[in-house]
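Enquirer:
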């Protein structure tokens, strides 16, 4: 039951103020205030033409008269400018028991508005094939996968796709380094994961280029400074001289070799294409291994090499329809008059070759043909904000149907600063997983020395992935944050490991109960629901018990808010609050030491928390374990 909505309905009946307006005026109290919901009666003055005190007095009196008919309200009281509502514990508990035990699917969906079901395409992580997936990709993958989970839970049809950037100058850097220094070796010969093998040559190239660039750094600086001057003030002879020096340097020759390699690829040179296919195959095979670790499956993978030259017809058609402009030199541009956009954007070069934006136009159109979607989500970092704004504006100009969304997420930084692939300062996704698993395994071995190696490995994997997923998802997606490996694996604080620990604690209570011959609602070792019909509730309920019940009642609306806003951190914060609230209950309210109605009631609360905790963790793709 959405108690916030029910209270709004009561006040609406008494005041004729629309429920949808009242619902947003009813707030949860700040910490330390002994109430469950409140409304500031000052906010009602604009709707009811009466003195504020008169409004509050009449509303308090009328609500107190009808609370007997509406069992979910226990007390109504006025404190200063607020009218406070305390819920009826007996009613809340019975509602939760009935819904969670017998109608769980209905319960978790009860906060959702009755909306049309959508077809949604989610594109992620759109990586390059010149290096392994890194920590930034991990955030992308976890966000993309979680968005899919949220949409699926909301009842939408979801298609998870990927764009693999498998061509271009960055790919050629790895190829050029391999041609120069690879000597025909393979990942198998070097005993390296295949995408790491490719990435090794990308880093090698980057370091080599940087070294050669330093030899002409002064000339490059002078050239840049000269070109920044107004055209009339530029020294053309100096520019020409510096250009010649740079071009004839080892650095210039390296860049020329790189460009030649790219040109050969574009012209279909068989030798270049052979090495390109080989290295791309190594990269893709490595990616698939990493995807398996994260349980990621893409329905379709688009390749840049298949579509880079497409989109030209879309642009030419745009010229015919006078959406775009062809300049005298042959280039085609789009002009914008919207605030925040550039004045113009080149769509086709004067020689007719395409750009990334041309490719993006084609892919957007192709995805619509493939899936006839209602919404297409691009999970791409915020450094691409402008590129996506331009793309969406171009699609709008072309009359493109379908809603496009840029899920613009922030960056992950290290304690040492920003990550840079070409300098080898990136933390690879595989290494992150390896390190977290190693720390998890060490912790499991310290706690459970008698476990089999396979069970230790399984628990370590679950703990590691919970640590990584939750650490990333607990931050609002648009925020930058610093990744801290040790913090993520902590059994205390705001971590996924802490949530697993609380879940395991509940299971431990049930296991101990079974060992003592006490009936419990769930058998952890068998993963089995037991016949549990205890519905009695003690006359007096403690504050920790009350707080847990109220928090549990808010789970459906939390899920709804998380899904409609696509902000998984909201669900993460709720699960943390639920775990902390349960721990307070655990420390202040003995469970197995009690008897009769009180023990059964507290065991029932444990089971309600267990079910909600497990469900919430599953939504964000975190598995649970029954022992920690």
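Residue numbers (my numbering): 26 to 653.
Every residue gets a Cβ at the ideal spot worked out from N, C-alpha and C, and that includes glycine.
Please read all numbers here as calculations on a predicted model, not as lab measurements.
Exposed or buried, what is residue 440 when buried is set at 16 or more other beta-carbons lying within 10 Å of its beta-carbon?
Expert: Result: exposed.
Enquirer: Taking the DSSP output, what are the residues bridged to residue 185?
Expert: Residue 185 pairs with 147.
Enquirer: Buried or exposed: residue 151, going by 16 or more other Cβ atoms within 10 Å of its Cβ?
Expert: By the 10 Å Cβ count, residue 151 comes out buried.
Enquirer: By DSSP, does residue 447 sit in helix, in strand, or in coil?
Expert: Residue confidence for residue 447 is low, a pLDDT of 49 falling below 50, so the modelled location carries little weight; the figure read from the coordinates is stated next. Residue 447: helix per DSSP, three-state reduction.
Enquirer: Could you check where the alpha helix (DSSP H) with residue 244 kicks off and where it finishes?
Expert: Taken as a continuous stretch (DSSP letters only), the alpha helix (DSSP H) holding residue 244 covers 242–253.
Enquirer: Cα-Cα, which of 475, 34, 180 is closest to residue 142?
Expert: Comparing Cα positions, the closest option is 180.
Enquirer: Please report the residue range of the beta strand (DSSP E) in which residue 356 lies.
Expert: Unbroken run through residue 356: none, as it is neither H nor E.
Enquirer: Which of the three DSSP states, helix, strand or coil, is assigned to residue 158?
Expert: Coil.
Enquirer: Spell out the partners DSSP gives residue 554 in its beta bridges.
Expert: Answer is 547, bridged to residue 554.
Enquirer: From residue 256 to residue 262, what distance separates their C-alpha atoms?
Expert: When rounded, the distance between both Cα atoms is 13 Å.
Enquirer: Taking the straight line between their C-alpha atoms, what separation do you get for residue 625 and residue 561?
Expert: Approximately 8 Å, taken between the alpha carbons.
Enquirer: Taking residue 155 as the reference, which of 572, 302, 568 has the closest Cα?
Expert: Checked all of 572, 302, 568; the closest Cα to residue 155 is 302.
Enquirer: How far does the alpha helix (DSSP H) with residue 58 in it reach, from first residue to last?
Expert: Unbroken run through residue 58: none, as it is neither H nor E.
Enquirer: Please classify residue 258 as buried or exposed, where buried requires at least 16 other C-beta atoms within 10 Å of its C-beta.
Expert: Under this definition residue 258 is an exposed residue.
Enquirer: For the segment 74–136, list the beta strand (DSSP E) runs that are entirely contained and at least 3 residues long, ordered along the chain.
Expert: Counting whole runs of 3 or more residues, the segment 74–136 contains the beta strand (DSSP E) stretches 98–104, 107–112.
Enquirer: Is residue 404 near residue 169, with beta carbons less than 7 Å apart?
Expert: Yes, they are a contact pair.
Enquirer: Could you check the C-alpha separation between residue 649 and residue 546 for me, to the nearest Å?
Expert: Between residue 649 and residue 546, the C-alpha separation is close to 18 Å.
Enquirer: Distance check for residue 585 and residue 182, CA to CA, integer angstroms please.
Expert: Distance between the alpha carbons of residue 182 and residue 585: 17 Å.
Enquirer: What does DSSP give as the partner residue(s) for residue 401 in the beta ladder?
Expert: Bridge partners of residue 401: 146, 429.
Enquirer: Is the segment 221–235 touching the segment 200–208, taking contact as three or more C-beta pairs under 8 Å?
Expert: A contact exists between the segment 221–235 and the segment 200–208.
Enquirer: On the criterion of 16 or more Cβ atoms from any shown chain inside 10 Å, does residue 472 qualify as buried, or is it exposed?
Expert: It counts as exposed.
Enquirer: Just curious, the alpha helix (DSSP H) that residue 369 is in, first and last residue?
Expert: First-last for residue 369: 369–373, but that is the beta strand (DSSP E), not the alpha helix (DSSP H).
Enquirer: If you follow the beta strand (DSSP E) that residue 65 is part of, which residue opens it and which one closes it?
Expert: Element bounds for residue 65: 62–65.
Enquirer: Would you tell me roughly how many angstroms separate the C-alpha atoms of residue 370 and residue 163, rounded to the nearest one?
Expert: Spanning the two alpha carbons is a distance of roughly 32 Å.
Enquirer: Tell me residue 289's beta-bridge partners as DSSP assigns them.
Expert: Paired residues: none, contrary to the question.
Enquirer: With a 10 Å radius around its C-beta and 16 neighbouring C-beta atoms as the bar for buried, classify residue 357 as buried or exposed.
Expert: Burial call: buried.
Enquirer: Is residue 424 helix, strand or coil when you go by DSSP?
Expert: Correct three-state label for residue 424: coil.
Enquirer: So what's residue 541 in DSSP terms, helix, strand or just coil?
Expert: Note: residue 541 maps to coil in three-state DSSP.
Enquirer: By the DSSP assignment, the beta strand (DSSP E) with residue 326 in it spans what residues?
Expert: Segment 325–328, the beta strand (DSSP E) holding residue 326.
Enquirer: Quick one: give me the first and last residue of the alpha helix (DSSP H) that residue 274 is part of.
Expert: Unbroken run through residue 274: none, as it is neither H nor E.
Enquirer: If you run the structure through DSSP and keep just helix, strand and coil, what is residue 453?
Expert: Here residue 453 sits in strand by DSSP.
Enquirer: Flag this pair as touching only if the segment 609–621 and the segment 533–548 have three or more C-beta atom pairs under 8 Å; answer yes or no.
Expert: Verdict: yes, contact present.
Enquirer: Determine the direct distance from the alpha carbon of residue 489 to that of residue 277, and round the result to whole angstroms.
Expert: Between residue 277 and residue 489, the C-alpha separation is close to 46 Å.
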